[in-house]
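Take a look at the structure below.
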C-alpha cells in the first residue's frame, strides 16, 4: 500500500505563495494593507508564543499585525470595548482573540462580539452556523486547514465514513460540519462516547481533536484509513499514536509539520480574504 | 421487552396545559398577548394547511396569530420588507416564514433576515449556531420536539449511539447538534451515505428525517433501539417502516401522533418564551 505523509509545510508554502501575490495586488492597486489585530489577555507563555508566531507569519507576508496585549486583571467590559473599537476600525480586517482568556472574563461573550466580517478565526456562533449551512466565509482555521490538506492531496470525503474525536466549538464541531458538507457520513465522538475503538473501526477518515497525547491507537483503525491529527500536546506530540497509526494509514499528518502550519496559513488567507472584501 | 409508543399527543397536551397558564399570566399581569406572525407566499395547498393548523393552535391557547398571505409573484425584496416590518413591530414576538417559498425568491436570504429574538421557528444560521454551541433559545421546532419526547419519556441520550438520517438545516443538522449536546455519539447520514444499514446497525437512537416514505426498515436496526420518526409523507406515512421497526424497537413514535403534534407545541412554546423575554 502506498503511504502518503500529508506534509503541512508543503501545503502551507503553496498557500502563502499565492497569498503573497494577492497582498501585493491589494497594496499596489487598492492601497490596502491587510491587517490582523490580535488580542492577548494576560501572560500565559504558550499564548504569547502563539500570538507571536501568528504576528510573524503575517509580517513575513506583508500583512500588518496589530498586537494588543491587555493585562490579566481587565474585566469583560474592557475586553468588549477593545473589540468594539477594532470592529469599527476600517484599517483592521481581521480580529483574533487568543484563547484562553483569564477565567474571570466571559470569553464566549467576547468571541460573540467580534463582527462577523472580521471573524477570520471563526469563533462566533454565527460564523459556525453559516459554515454548517454551507455559506460561511471564515470557518475556524484548524478545520479549514484539515479540509485544505485533504483537497491538496486529492483525498475526497464523498461517501466516506469520517469520525471526528472531539466536539469543541472551534475544532470538533466545525470540522464535522465541513466534512458533512463534502458528503462524508460524519460521526462526532467525545469523552462520553462509550466504545471509541468500535466507532473508529469503520472510519475511512479520522480527525483527532481531543487534546490527549497519543490517545488514538493504530489497533483501533482499519487499514487504509486517512488520519488527520489536530492535536498539539507538550513536547510536540499529537493526539494519535503516530507509529501504530502510521502502520494502518494510507495517509497521515505528522506532528509537528502537519495540521499546525496550515492552520496559520488559513488565518492569513482569511485575513487577506477579508481585506479583499473591504475593497 | 417492554415497548413504549412515544405518544406525541400526550406530550403535546402536557406542554400546552403549562403554556396556557403562562399566556394567562402574560395577559393578566403584563398586558402582553403573545403574537406569532406567519408569512405564507403563494398558494401551495399543503403550506396553506400547515399555516392554518399553526394559526389555530395559537388561537386555542390565547396566542394571537397574525396571518400574512403574500401573492406568489412578489420578489425577494418585498418579502424582506415584510419581515423587516415584523422585526420592528413590538407587538409581534415570533415570525414564521412557511417553507417553501416560490423558487424565484431567495428563501435563505429571507430566513436570515428574521431577527434572532423573533426566530421562534429556528431557521436562521445564527440560531442554529447558538443551538450547536449550547446557548440557543429557539432551536428548530422538530428537533426541539424530538428532544422533548425523549425527555418526557425519560430516555437519556447520554453515551448512546444516535444516528440521524437527514441533514437539512431545520432538521437533520440541528437534531444532530442537540443530541451531541446531550452527550450522544452522533452520526449524521444522508443520500451519499454508502451503507446505511451498516451505520444503523449500531444505533441506540435513530432519527428519521429523510422525506422518503417507509424508508428505514426494522431489519437494519438492533433490538431495543429508540426510533423517532420525523417524516411526514403523503397519506400520513412516516420515514420508517413502522411495522418492522416496531418489532425491533424499545420505543417508537407513531405517524401521525408522534413528532408532529409536539413540533407545533414547540412553536407555541417558543412564541410564549419570546413574549416573556419582551417583558
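Protein chains in written order, with the numbering used here: chain H, 322 to 600; chain X, 322 to 600.
Don't be surprised by glycine CBs; every beta carbon is placed ideally from N, CA and C.
Taking 8 angstroms as the cut-off, the Cβ atoms of residue 524(H) and residue 483(H) count as close. Contact annotation: residue 452(X) and residue 505(X) have beta-carbon atoms that are not nearer than 8 angstroms. When C-beta distances to chain H are compared with 8 angstroms, every residue of the segment 375-397 of chain X stays at or above that value. Within the segment 497-509 of chain H, the residues whose Cβ lies closer than 7 angstroms to any Cβ of chain X are, in chain order, 501, 504, 506, 507, 508 and 509.
Pairing residue 443(H) with residue 421(H) gives a Cβ-Cβ distance that is not under 8 angstroms.
Cβ proximity to chain H below 7 angstroms picks out 479, 480, 488, 490 and 494 from the segment 475-494 of chain X. Residue 385(X) is bridged by DSSP to 356(X).
For residue 388(X), the closest C-alpha among the options 448(X), 334(X), 376(X) and 496(X) is that of 376(X). CA-CA distance, residue 419(X) to residue 360(X), rounds to 6 angstroms.
A residue is called buried when at least 16 other Cβ atoms come within 10 angstroms of its Cβ; residue 432(X) meets this threshold and is buried. What residue 414(X) touches in chain H, judged by beta-carbon distance under 7 angstroms, is nothing: the nearest beta carbon there is about 22 angstroms away.
Note that the C-beta distance between residue 528(H) and residue 583(H) is not below 8 angstroms. The secondary-structure analysis by DSSP pairs residue 415(H) across a beta bridge with 357(H).
Counted as a single uninterrupted DSSP element, the stretch harbouring residue 341(H) is not any beta strand (DSSP E) but the alpha helix (DSSP H) occupying residues 329-351. Residues of the segment 512-541 of chain H that bring their beta carbon within less than 7 angstroms of a beta carbon in chain X comprise 513, 514, 515 and 520, in sequence order. The Cβ-Cβ distance between residue 507(X) and residue 403(H) does not fall below 8 angstroms. For the segment 434-461 of chain H, the continuous alpha helix (DSSP H) assignments of 4+ residues that do not extend past its boundaries occur at 446-453, in sequence order. For residue 451(H), at least one C-beta of chain X is nearer than 8 angstroms to its own C-beta.
Residue-level contact by beta carbon holds for residue 447(H) and chain X, with a gap shorter than 8 angstroms.
For residue 560(H), there is no enclosing beta strand (DSSP E), as DSSP marks it with neither H nor E. As summarised for the segment 477-519 of chain X, the continuous alpha helix (DSSP H) elements at least 4 residues long and confined to that stretch are 493-502, given in chain order. Excluding the 5 residues flanking it on each side, residue 585(X) has same chain C-beta neighbours closer than 8 angstroms at 333, 374, 375, 378 and 462, in chain order. For the pair residue 564(X) and residue 533(X), the CB atoms are not nearer than the 8 angstroms cut-off. Linking residue 448(X) to residue 408(X) through their CA atoms gives a straight-line distance of about 15 angstroms.
Cβ atoms of residue 600(H) and residue 435(H) stay farther apart than 8 angstroms, at about 21 angstroms. If you ignore the 5 residues before and after residue 446(X), its C-beta comes within less than 7 angstroms of the C-beta of 433, all in its own chain and listed in chain order. DSSP, reduced to helix, strand and coil, places residue 594(X) within a helical segment of the structure shown.
When DSSP reads this structure, residue 546(H) sits in a beta bridge with 570(H).
In this structure, residue 415(H) sits near residue 592(H), with a CB-CB distance shorter than 8 angstroms.
In the structure shown, the three-state DSSP call for residue 472(H) is helix. When rounded, the separation of the alpha-carbon atoms in residue 399(X) and residue 477(H) is 41 angstroms.
Exclusion of the five residues before and after residue 412(H) leaves 356 as the residues of its chain whose Cβ lies within less than 7 angstroms of its Cβ.
When beta bridges are read from the DSSP output, residue 391(H) appears opposite 362(H).
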